[in-house]
DNA sequence: ATTACTATTTCCCGAGTAA
DNA sequence: TTTACTCGGGAAATAGTAA
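Residue numbers (the numbering used here), protein chains in the order written: chain A, 1 to 245; chain B, 246 to 490.
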C-alpha cells in the first residue's frame, strides 16, 4: 500500500477515496484493504471509510467483492471516468498557454530611451537576442490596476532575455532583462526591465521595431496594453497576477 | 464567461468554484462576477455561492475586492496550488505507464500450435511484426481470476499487432492479433488472440522466441503470469481490469 | 482482528429575507 | 438589481457497539 497525497484540503472523502484507490492501481486489479487502513490513509474514521465505500458502491463508482474473509475493492469504469473527467478539466487549465496582460497609460519620460537604445552595445544585443531592430527609444507606460502591477512583478521574474551591462572606461552601464510581448495585442514588441531604472515598479518601458507613438498616434494619457504569452502554468512558480479593466 | 464542466459529480462546491475561477483565468486577472452568476454555472443556489466565496476567502484560497458596485474575485497562490496539487496527483495516475498482469495455469492443448506457427505465412508475419523468431508452438494458459479474465478482454481489444489470415487454395486460415508481453515478468513473449480459436475467453495462447515449457520446466497446472505494459490510461477506453492473486 | 449498524453532533445547503 | 444574514431540514462525520 503506497502513496496518497495529503495535499488536497478541499477534496471531499469520496473523491479522496477514489484517488487513493486509483493511486494503488485499483483499475487494473482488485485491492484487498480494510476500512481502517483506508481511514488511516484518508485521515478519517473507520466508520466514515466504511460508509463511503458503501455509498460509492451504491452509486456505481466502485465494486466490492467479499472473498472469504477479505474484501476486494476496485474502481468501475464510472469511478475511473469520474477521476479522468476531473483530470481533463484540470489539464485544460494548467496545460494551456497562458496570456498575461498589462494595461496602462502612455507618458513622456526623460527622453533617455533614445540615448540608451542608440548605444551600439545595447543596440546590437537587442537586435541579436530580442530578434528585431529596435526603434531608438522606449515607450513609457504607467500601469493602472493592482492586477497589472502584480503582473509586472511576475514578468520581471520571468523575463528570459538578458541584456548585459558594460563599461566603456568612462562609466558603467547597467544590465536589463527583456520579454517579448504584443503591443495592443498585435504589434511585435518587448518589455524591457532596466536594472537601474529611474522609474518605479508601476512603470514599464517598451521597445519595438517601429515607432509606436507614430504607428498608433499615441499621446500622453492614451490607454494601451501588452500581451505576454507564457508557456503554461504547471510549474510551481506563483503565477498569481491580474489584468486591468 | 465561459466553460465549466458539469461532469464532476463527486466534487464539492468549494473545489468546483476554484475550478470555475481557474477556467476563467482568475489567476492572471481579477474577475467580476455576481454570486448568482456563479451559482448558475455551478448548479447551486445564490446563497451557497455567496457562503462559499466567503469561506474560501477566509481560508485564503481566493481574494475578493469590492470596487465600486462590482466585486472582483481572483485565486490566490494557495487557491491555485490546491488545484495544481490535485492536478499533479491525477497526472501521476493517468500519465504513468500501466502494467496489466494475467495469471493462470499451464495446460496442454491439441498440439495445433506447432502446426499453425510452422506455416510459413504465419511464421513470417510473426517474425516481421512481433519482432522475434517464434518457437513453433503455443503455450496455453487457463486464466484463474475474474480480474485476469477481464484483463484478457481488455488486451484483446488493445492488441496492436495484426496477423493476417490467408488462403492457400485448399482452405482459408483465419487472422489473429498479438500483443507483446513479458512471460513470468522477464521473458520476451507475445499473447496471440486467434480469430477462430478453439478455446474460450478464459484461455490465452502465448508465443515466444524460446521453448517456454523447457526454459521454465513447466508441467500442466503450473502457475505462470504475463505482464503487458500499456502506454498510459488517459485515453477514454475502459481500462477497467484486474489482476490475479 | 474485521464491517457496519445506531445515535449524536456537526456541518452543509438553500429558502426567506434584510440591507 | 446586488450580497449575505438567519434558520430549518438533512446530510455527513464519528463514537459506541454489535456481529
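Yeah, the Cβ is synthetic: ideal placement off N, Cα and C, and Gly gets one too.
Values in this document were obtained by computation on a predicted structure and should not be read as measured data.
_My assumption, with CB atoms under 8 Å, is that residue 206 (chain A) sits in contact with residue 212 (chain A). Please give the rounded CB distance._
To locate residue 206 (chain A), count along the first chain from 1; it is residue 206. To locate residue 212 (chain A), count along the first chain from 1; it is residue 212. Indeed they touch by this definition, with Cβ atoms about 7 Å apart.
*For residue 398 (chain B), count neighbouring Cβ atoms within 10 angstroms of its own Cβ and tell me buried if that reaches 16, exposed if not.*
Counted from its first residue, the second chain places residue 398 (chain B) at position 153. With fewer than 16 Cβ atoms within 10 Å of its Cβ, residue 398 (chain B) is classed as exposed.
_Let me check understanding here. Comparing Cα to Cα, which of B:339, B:326, B:303 lies closest to residue 22 (chain A)?_
As a working mapping, residue 22 (chain A) is identified with position 22 in the first chain. Cα-wise, what sits closest to residue 22 (chain A) is B:339.
*Could you tell me whether any Cβ in chain B is nearer than 7 Å to the Cβ of residue 33 (chain A)?*
Position 33 of the first chain, counting from 1, holds the residue named residue 33 (chain A). Interface annotation, residue 33 (chain A): not in contact with chain B, CB-CB separation never under 7 Å.
_Run through chain B and tell me which residues come within less than 8 Å of residue 87 (chain A), C-beta to C-beta._
Position 87 of the first chain holds residue 87 (chain A). Neighbours of residue 87 (chain A) across chain B, judged by C-beta separation under 8 Å: 332, 335, 336, 338, 339, 479.
*Does DSSP classify residue 33 (chain A) as helix, strand or coil?*
For the purposes of this step, residue 33 (chain A) is taken as residue 33 along the first chain, with counting starting at 1. DSSP places residue 33 (chain A) in the coil class of the three-state scheme, outside both helix and strand.
*For residue 23 (chain A), go through chain B and note every residue whose CB falls closer than 8 Å to its CB, in chain order.*
Numbered from its first residue, the first chain carries residue 23 (chain A) at position 23. Ordered by position in chain B, the residues that pass the 8 Å Cβ test against residue 23 (chain A) are 334, 337, 338.
*Exposed or buried, what is residue 379 (chain B) when buried is set at 16 or more other beta-carbons lying within 10 Å of its beta-carbon?*
By 1-based counting over the second chain, the position of residue 379 (chain B) is 134. Buried, by the Cβ-count rule.
*What do you get for residue 405 (chain B), buried or exposed, if any count of 16 or more other CB atoms within 10 angstroms of its CB means buried?*
Your numbering for residue 405 (chain B) matches position 160 in the second chain. The residue in question, residue 405 (chain B), is exposed, as its Cβ has fewer than 16 Cβ neighbours within 10 Å.
*asked:* Just list the residues that DSSP pairs residue 259 (chain B) with in beta bridges.
replied: One-based indexing of the second chain puts residue 259 (chain B) at position 14. Residue 259 (chain B) pairs with nothing; no bridge assigned.
*asked:* Going by DSSP in three states, residue 72 (chain A) sits in which element: helix, strand or coil?
replied: Here the question's residue 72 (chain A) lines up with position 72 in the first chain. It is a strand residue.
*Cβ neighbours of residue 70 (chain A) in the same chain (closer than 8 Å, five flanking residues each side left out)*: Here the question's residue 70 (chain A) lines up with position 70 in the first chain. Excluding five sequence positions before and after residue 70 (chain A), the CB atoms of its chain that fall closer than 8 Å to its own CB belong to 32, given in chain order.
*What is the DSSP secondary structure of residue 230 (chain A), reduced to helix, strand or coil?*
Position 230 of the first chain, counting from 1, holds the residue named residue 230 (chain A). Residue state, collapsed to three classes: strand.
*Test item: CB-CB of residue 435 (chain B) and residue 351 (chain B) under 7 Å*: Residue numbering aside, residue 435 (chain B) sits at position 190 when the second chain is read from its first letter. Residue numbering aside, residue 351 (chain B) sits at position 106 when the second chain is read from its first letter. No. Outside cutoff.
_I need the straight-line Cα distance from residue 122 (chain A) to residue 320 (chain B), nearest angstrom please._
Counting from one through the first chain, the residue named residue 122 (chain A) turns up at place 122. Counting from one through the second chain, the residue named residue 320 (chain B) turns up at place 75. So the alpha carbons of these two residues sit roughly 39 Å apart.
*Could you tell me the distance, in whole angstroms, from the CA atom of residue 102 (chain A) to the CA atom of residue 273 (chain B)?*
Numbered from its first residue, the first chain carries residue 102 (chain A) at position 102. Numbered from its first residue, the second chain carries residue 273 (chain B) at position 28. Going from the Cα of residue 102 (chain A) to the Cα of residue 273 (chain B) covers about 10 Å.
*Any chance the CB of residue 387 (chain B) is under 6 Å from a heavy atom of the ligand SAH?*
Looking at this structure, you won't find the ligand SAH or any other ligand, since it has none at all.
*residue 411 (chain B): buried (16+ other C-beta within 10 angstroms of its C-beta) or exposed?*
As a working note, residue 411 (chain B) is residue 166 in the second chain. Residue 411 (chain B) comes out exposed.
_Within chain B, partners of residue 147 (chain A) - CB distance below 9 Å_ = For this step, residue 147 (chain A) is matched to residue 147 along the first chain. Listed by position along chain B, the residues whose Cβ is nearer than 9 Å to that of residue 147 (chain A) are 273, 274, 275, 317, 319.
*residue 229 (chain A), buried or exposed, once every other Cβ within 10 Å from all chains shown has been counted against 16*: Counted from its first residue, the first chain places residue 229 (chain A) at position 229. With fewer than 16 other Cβ atoms within 10 Å, it is exposed.
*asked:* Is there a C-beta anywhere in chain A that falls below 7 Å from the one on residue 398 (chain B)?
replied: Locating residue 398 (chain B) in the second chain gives position 153, counting from the first residue. Interface residue (Cβ-Cβ distance to chain A less than 7 Å): residue 398 (chain B) is not classified as such.
*Whole-angstrom distance between residue 196 (chain A) and residue 38 (chain A), CA atom to CA atom*: One-based indexing of the first chain puts residue 38 (chain A) at position 38. One-based indexing of the first chain puts residue 196 (chain A) at position 196. Looking at the backbone, the Cα of residue 38 (chain A) and that of residue 196 (chain A) are separated by about 57 Å.
*May I have a chain-ordered list of the beta strand (DSSP E) segments no shorter than 3 residues that lie completely inside the segment 108-151 of chain A?*
139-143, all fully within the segment 108-151 of chain A.
*Tell me whether residue 341 (chain B) sits in a helix, a strand or coil according to DSSP, three-state version.*
Here residue 341 (chain B) refers to the residue found at position 96 of the second chain. Three-state DSSP puts residue 341 (chain B) in coil, outside helix and strand.
*Provide the residue span of the beta strand (DSSP E) that contains residue 53 (chain A), from first to last.*
The count along the first chain starts at 1 and reaches residue 53 (chain A) at position 53. Boundaries around residue 53 (chain A) are those of the alpha helix (DSSP H), 46-58, since no beta strand (DSSP E) includes it.
*With DSSP collapsed to three states, give me the class of residue 328 (chain B).*
Taking the second chain and counting its residues from 1, the one referred to as residue 328 (chain B) is at position 83. Three-state result, residue 328 (chain B): helix.
*Which residues in the same chain have their Cβ closer than 7 Å to the Cβ of residue 13 (chain A), if we skip the five residues on either side of it in sequence?*
In the first chain, counting from the first residue as 1, residue 13 (chain A) sits at position 13. Hits under 7 Å: 42, 44, 48, 52.
*Looking at the C-beta of residue 428 (chain B), does it have a partner C-beta in chain A at a distance below 7 Å?*
Mapped onto the second chain, residue 428 (chain B) falls at position 183. No, because no Cβ of chain A sits closer than 7 Å to the Cβ of residue 428 (chain B).
*Around the C-beta of residue 7 (chain A), are 16 or more other C-beta atoms found within 10 angstroms, so that it is buried, or is it exposed?*
To locate residue 7 (chain A), count along the first chain from 1; it is residue 7. Taking all protein chains shown into account, residue 7 (chain A) has fewer than 16 neighbouring C-beta atoms within 10 Å of its C-beta and is therefore exposed.
*Nearest chain A C-beta to residue 468 (chain B) closer than 7 Å, yes or no?*
Working through the second chain from its first residue, we reach residue 468 (chain B) at position 223. For residue 468 (chain B), the nearest beta carbon of chain A is not closer than 7 Å to its own beta carbon.
*Would you say residue 252 (chain B) reaches chain A, if we count a Cβ-Cβ gap shorter than 7 Å as a contact?*
Sequence index remark: in the second chain, residue 252 (chain B) carries index 7 (1-based). Chain A has a Cβ within less than 7 Å of the Cβ of residue 252 (chain B).
*From the DSSP output, in three-state form, read off residue 398 (chain B) for me.*
In the second chain, residue 398 (chain B) corresponds to position 153, counting from 1. Helix.
*How many whole angstroms separate the CB atoms of residue 104 (chain A) and residue 142 (chain A), which I take to be in contact at a CB cut-off of 8 Å?*
Your numbering for residue 104 (chain A) matches position 104 in the first chain. Your numbering for residue 142 (chain A) matches position 142 in the first chain. Right, their Cβ atoms sit about 5 Å apart.
_Using only the alpha-carbon positions, how far apart do residue 25 (chain A) and residue 82 (chain A) sit?_
In the first chain, counting from the first residue as 1, residue 25 (chain A) sits at position 25. In the first chain, counting from the first residue as 1, residue 82 (chain A) sits at position 82. Spanning the alpha carbons of residue 25 (chain A) and residue 82 (chain A) requires a straight line of approximately 15 Å.
*Can you give me the start and stop residues for the beta strand (DSSP E) that residue 215 (chain A) sits inside?*
As a first step, residue 215 (chain A) is located in the first chain; it is residue number 215 there, counting from the start. It is not in any beta strand (DSSP E) - residue 215 (chain A) instead sits in the alpha helix (DSSP H) that spans 212-215.
*asked:* Rounded to whole angstroms, what is the Cα-Cα separation between residue 72 (chain A) and residue 65 (chain A)?
replied: In the first chain, residue 72 (chain A) corresponds to position 72, counting from 1. In the first chain, residue 65 (chain A) corresponds to position 65, counting from 1. Distance between the alpha carbons of residue 72 (chain A) and residue 65 (chain A): 5 Å.
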